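Asker: Residue numbering for the sequence shown follows our numbering, starting at 830 and increasing by one per position.
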Amino acid sequence: MEYYRLPLLLSRLFESDAKDLPGCTEEESIDHNLELIITTCPGEHKYDYGYGCRIWDLDFESVVSVQKWEGEFVRYIAEAIGKYEPRICNVNPRVSFLDIKNEHEFSGEVSIRKRVDIKVDSIIASTKKKCCFYYSLYLGPLSSE
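(1) Beta carbon of residue 857, beta carbon of residue 953: below 9 Å?
(2) Measure the C-alpha to C-alpha separation of residue 972 and residue 843 and round it to an integer number of angstroms.
(3) Should residue 961 be labelled buried (16 or more other beta-carbon atoms within 10 Å of its own) or exposed?
(4) Between the Cα of residue 930 and those of 863, 939, 915, 922, spot the shortest distance and give me the residue it belongs to.
(5) Rounded to the nearest angstrom, what separates residue 928 and residue 871 at their Cα positions?
(6) Give the straight-line distance between the Cα atoms of residue 894 and residue 944, rounded to the nearest whole angstrom.
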């Protein structure tokens, strides 16, 4: 099976010397899809409004219990991957949260943002090979580095 590298360079299809779109391995394709799943808010995908990860629901939620909030974060990741990435199994997502201090160069203003590091251990179903995906997000508002 052939996998295509993201972003798709569809303009290449119209070039006279184009042979194929750039490809990638199955593991790279899975990584691309996991990144899309995690960074997509449900409702954003035009053809599947459920596609994405509900971690976006937690971005501005008042945190009463950190353990409960982190548990929901991990559960939402596991649910989304289970639904939208069938090429992997034995999915084990883990997260760690860090406070990142930023001092703005000109104003001297200091801001603190929460960064979440996401690690997903799994097994590629077709090869039974272990794989690991890493991604970092900043919370409030949720954004990638």
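All C-beta atoms in this analysis are idealised placements derived from N, C-alpha and C, irrespective of residue type, glycine included.
Bear in mind the structure is a predicted one, so any value in this text is a computation, not a measurement.
Answerer: With the structure as the only source:
(1) no
(2) Because residue 972 sits at a pLDDT of 49, beneath the cut-off of 50, its placement in the model cannot be relied upon, and the following sentence gives the value as read from the coordinates. Roughly 34 Å separates the two Cα atoms.
(3) The residue is exposed, with fewer than 16 neighbouring Cβ atoms inside 10 Å.
(4) 939
(5) 26 Å
(6) The alpha-carbon separation between residue 894 and residue 944 amounts to approximately 18 Å.
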